[in-house]
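Residue numbers (my numbering): 85 to 302.
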Ligand SMILES: NC(=O)c1ccc[n+]([C@@H]2O[C@H](COP(=O)([O-])OP(=O)(O)OC[C@H]3O[C@@H](n4cnc5c(N)ncnc54)[C@H](OP(=O)(O)O)[C@@H]3O)[C@@H](O)[C@H]2O)c1
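1. Tell me the rounded alpha-carbon separation between residue 183 and residue 289.
2. Quick check: the region 260–280 against the region 206–221, are at least 3 beta-carbon pairs closer than 8 Å?
3. Taking C-alpha atoms, which residue in 254, 201 and 187 lies nearest to residue 160?
4. Once DSSP output is grouped into helix, strand and coil, what is the label at residue 209?
5. Could you pull out every residue in the same chain whose Cβ sits closer than 7 Å to the Cβ of residue 294, ignoring the five residues on either side in sequence?
6. Please state the DSSP three-state secondary structure of residue 86.
7. May I ask you to check if the CB of residue 276 is nearer than 7 Å to at least one heavy atom of ligand 1?
8. With respect to 7 Å, is the separation between the Cβ of residue 166 and the closest non-hydrogen atom of ligand 1 below this value?
9. Considering only the beta carbon of each residue, do residue 138 and residue 113 sit closer than 8 Å?
10. To the nearest angstrom, report how far apart residue 176 and residue 153 are at their CA atoms.
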């Protein structure tokens with residue numbers, strides 16, 4: 085699948101791009117600046133021995149069949165404003181956690197209750213917005229040797245879009261779990277500060293969430 089990563093020059097973008105490229109997807113790294121997108125794609129490609137394209141965020145959206153947004157919450161609204169006309173009916177995956185530095189270990193409910201609910205309000209009616217990957221450490225994603233034993237909770241109002249995202253999540257070496265409607269992003273986004281607290285308390289590199297009790301047949 086052609087995947088465009090908006091803000092793909094950053095920490096999460098790097099790990100996602102490399103893992104998806106290694107599993108056979110065509111990945112385009114987007115940036116606010118064309119030159120930075122091109123340079124970071126070349127840098128990550130050389131570092132990890134994969135093939136990547138890069139450019140600006142609009143080009144990433146135009147190229148992609150599925151768009152992933154990986155920007156800090158402080159840049160969330162502005163980023164969606166710049167891409168909203170390039171999205172069309174493509175699935176958009178928002179991984180944003182509305183952290184409020186420096187208090188990143190305590191829950192911050194934004195005005196719209198979740199970054200993903202705010203994102204949907206910035207897009208046209210019928211946009212296929214999915215929220216996922218809030219609990220996956222960029223450091224572990226960027227370590228090709230690391231094998232995950234945690235899950236990715238995936239929510240959104242379009243069941244088929246959730247299934248598509250669960251499928252590409254499995255290509256990262258992670259199990260995706262259908263976590264229901266987009267409103268559930270309030271719970272998913274709120275768990276990240278809890279995990280950041282746990283990381284500090286127990287000196288863990290990247291604590292995660294594992295859902296038990298799901299039948300093997302799923
Ligand atoms: N890091 C993690 O372990 C982790 C885990 C789970 C979820 N998340 C979430 O994933 C999102 C991205 O996290 P990240 O750690 O990848 O972020 P990051 O590295 O700090 O930034 C990602 C990219 O966002 C772009 N950007 C756009 N506007 C920006 C602004 N005003 N200030 C700074 N950067 C801006 C930059 O790309 P250009 O300059 O190229 O435009 C930057 O490379 C966040 O919402 C975070 O909560 C992160």
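In this text, a Cβ means the ideal position worked out from N, Cα and C, and glycines have one as well.
All values derive from a computational prediction rather than experimental measurement.
Let me spell this out:
1. When only Cα atoms are considered, residue 183 and residue 289 end up about 19 Å apart.
2. yes
3. 201
4. For residue 209, the three-state secondary structure derived from DSSP is coil.
5. 233, 234 and 235.
6. strand
7. Within the cutoff, so yes.
8. Proximity of the beta carbon of residue 166 to ligand 1 is not indicated: no heavy atom of the ligand is located closer than 7 Å.
9. yes
10. 7 Å
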